[in-house]
Amino acid sequence: MKKYFIFFLLVVLQQSCKIPAEPKIYPSLSERGLVAEHAMVVSARKEASKIGLEIIKMGGNAFDAMVATEMALAVVYPYAGNLGGGGFMVYRLNTGETGALDYREKAPLRAHRDMFLDSLGNADPKKSRSGGLAVGVPGTVAGIFAVHEKFGSMSMERILAPVITLAKKGFIVTPNQAASLQRHRNSIIKANGENVLFAKEREPGDTFRNHALAATLVKLSTNGRNEFYSGETAEKLVKFLQEKGGIITMEDLAAYEVQWRDPVAFQYDDLRIISMSPPSSGGIVMGQIMKMIEPYPLHEYGHNSVKGIQVITEAERRAYADRSYYLGDPDFVEIPVKKLLSQEYLENRMDNFSFDHATSSSEISHGTIPGYESMETTHYSIVDTEGNAVSVTTTLNGAYGSKLYVEELGFFLNNEMDDFSAKPGVPNMFGLIGAEANAIEPGKRMLSSMTPTIVEKNGELFMVLGSPGGSTIITSVMQTILNVTEFNMGMQQAVSAPRFHHQWLPDEVRFEPNSFSEATLDSLRKKGYEVTVGESTILGKVDAILVLPNGKLEGGADPRGDDTAAGF
Ligand code: GLY
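The opening position of the sequence shown corresponds to residue 77 in the numbering used here, with each subsequent residue numbered one higher.
In structure tokens form, the structure reads like this:
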């Protein structure tokens, strides 16, 4: 009986989705994420999701859970979770009020425009990606304290207690984590020597304890935000950085401030999408792409069909070209946000698109052809028992950031300075090209692609999502939203579905491996698209929550990593 019912469901779904005849590699149509009634946390690690949820079970709200989850990720997922980095939060209260917090790193006061150029005036990526100069003034600790001060309902001591226990008692190293630690071990040793905690070889199943980080968290819990920005921790951090050739001073740390910002909001069909504003490019670029594709019937073209890929790719090409020219820190540069998101402007941008052949990126704007590198950041989504929602993306930039590890304090430092354009026209580690708007200036925030997002439908909370992935964050988040709204997928299915990416330059469409049919790829090649299918390329790692029609929450934890949903 069950078998017939599933068959019937497949037929109905197939018809309602108008899936074309060409075979597609879908995640199982029956794939469903964790469904919970009251509250949910989805993050890159089971331990962090559980701690966030425990805080909610103890009576805390989504913001208390944010603080706990953020710090738990610093313990259990040091690859991207951090005290030495920064991030962005978009929130929606159950009243419908929305807002955003910018706790992005800043350039030190002694930073200057040409600091990453060599003697010939060429950008030197080694300087902006590793060593002390690569480090931006960290914002994460200021971020969690700002969230706590504005919205917190539990004491910091209670929120941090389970995180401190986790750091002391340790967590189990997963196979993915052991592989990642092994992959980066030599660079970590090169940056810090043989005697640091992260120089030790780890096997899957090992218990990893970080007593130095536990001690730092105890100090933060007792002494508050200033411990990190003007206290003993600040002094140790500055001393460490100066030994490593950094230029961050006590004055830089004391001057660090978060910014509460208005998020970017736009309409896509019956959805209202609320996402991060500059200095992240996430909200604007996603808004541009979605407004450019809105007039096209993607649903009729079919999921990951040739026509669908073409429309999305061409909109991405045009939006990333604008990103590169217009976007930077709004406290330093004028950004024409209204114009960039206006219907008229975006309709004109797609004027020269044709289904017959690819537009060349050189027709959109000029640039050199850079390469791609890896991309490491982390995202978590939270909905509490009262319906408050929090969407947070946080980063050290590269894997384990600059690889500089402050042994005495127990955390890695970012290499976020690489997100500035070291020299206009020269790509950063994600192959993204920046212009004057994103040139280095003292105290300025570097442009980001982080896209923590909340979606409303009929004025109600509908989806909470975001992703790591450098330049591919924006397109991963967008495809996940489209999977739900255009292709009727559930949350887990939408997160698991294969993705593709284009970013203007390099002029290529990147596809996840073993997920797109050769017929689809060939058809795109024939139309002039440069198709790249990376062997082990994954695009984004989305952690999301969907409010189901019955009010329950479905988690989408990305199977590309150790990501896990916890709910009750
Ligand atoms: N460091 C990655 C980003 O901010 O987009």
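C-beta: ideal position from N, C-alpha, C; glycine also.
- Distance from the Cα of K320 is smallest, within the candidate group M526, T527 and L209, for L209.
- Judged by DSSP in its simplified three-state form, Q343 adopts strand.
- Listed as beta-bridge partners of L177 by DSSP are M165 and W336.
- Between the alpha carbons of R337 and A275 lies a distance of about 39 Å.
- Closer than 7 Å to some heavy atom of ligand 1: that does not describe the Cβ of T216.
- Between A138 and V623, the CB-CB gap reaches or exceeds 8 Å.
- Comparing C-alpha distances from K617 to each of Q364, M232, E588 and L485 shows the shortest one belongs to E588.
- Setting aside the 5 residues that flank it on each side, P635 is surrounded in the same chain by S572, each with a C-beta closer than 6 Å to its C-beta; the list follows chain order.
- For I360, the Cβ stays outside the 7 Å cut-off from all heavy atoms of ligand 1.
- In this structure, the beta-carbon distance from A255 to K479 does not fall below 8 Å.
- Taking a C-beta distance under 8 Å as the contact criterion, M116 and A641 qualify as a contact pair.
- In this structure I220 is in contact with V143, their Cβ atoms being roughly 5 Å apart against a cut-off of 8 Å.
- Membership of A331 in any beta strand (DSSP E) is not indicated; the residue belongs instead to the alpha helix (DSSP H) covering M326 to A331.
- Taking 8 Å as the cut-off, the beta carbon of Q568 is found no closer than this to the beta carbon of G128.
- Each residue's CA atom was taken as its position, placing V409 and R399 some 13 Å apart.
- Residues A144 and P238 of the same chain have their beta carbon placed closer than 8 Å to that of E130, with the five preceding and five following residues left out of the count.
- Between T454 and M526, the gap from beta carbon to beta carbon reaches 8 Å or more.
- By the beta-carbon neighbour count (other beta carbons within 10 angstroms, threshold 16), T469 is buried.
- Distances from the CB of S543 to the heavy atoms of ligand 1 are all 7 Å or more.
- In the same chain as G463, and ignoring 5 residues on each side of it, the C-beta atoms closer than 7 Å to its own belong to N170 and L537, in chain order.
- Short of 7 Å from the beta carbon of R425, and not among the five residues preceding or following it, lie these beta carbons of its own chain, in chain order: M368 and R394.
- Distances between the C-beta of M526 and the heavy atoms of ligand 1 include at least one below 7 Å.
- For Y456, there is no enclosing alpha helix (DSSP H); the enclosing beta strand (DSSP E) has its first and last residue at T454 to V459.
- With contact defined as three or more Cβ pairs closer than 8 Å, the segment 541 to 553 and the segment 590 to 606 are not in contact.
- The beta carbon of I248 is closer than 7 Å to those of G281 and T283 in its chain, skipping five residues each way along the sequence.
- In this structure, A187 places its C-beta atom within 8 Å of the C-beta atom of P518.
- Remark: C-beta atoms of I350 and V166 approach each other more closely than 8 Å.
- A distance criterion of 7 Å places the beta-carbon of D495 in contact range of ligand 1, judged by its closest non-hydrogen atom.
- Looking only at G631, I385, H260 and N286, the smallest Cα-Cα distance to G566 is reached by G631.
- The straight-line gap separating the alpha-carbon atoms of K533 and V540 is approximately 12 Å.
- Under DSSP, K182 shares a beta bridge with V213.
- Shown here for R189: same chain residues with a beta carbon closer than 8 Å to its own, the five before and five after excluded, namely A515, I516 and E517 in chain order.
- Secondary structure note for A642: its beta strand (DSSP E) is the uninterrupted segment T640 to G643.
- DSSP places D140 inside the alpha helix (DSSP H), whose first and last residues are A138 to V152.
- As DSSP reads the structure, M232 sits in no beta bridge.
- Counting the other CB atoms within 10 Å of its CB gives E181 a total of 16 or more, which places it among the buried residues.
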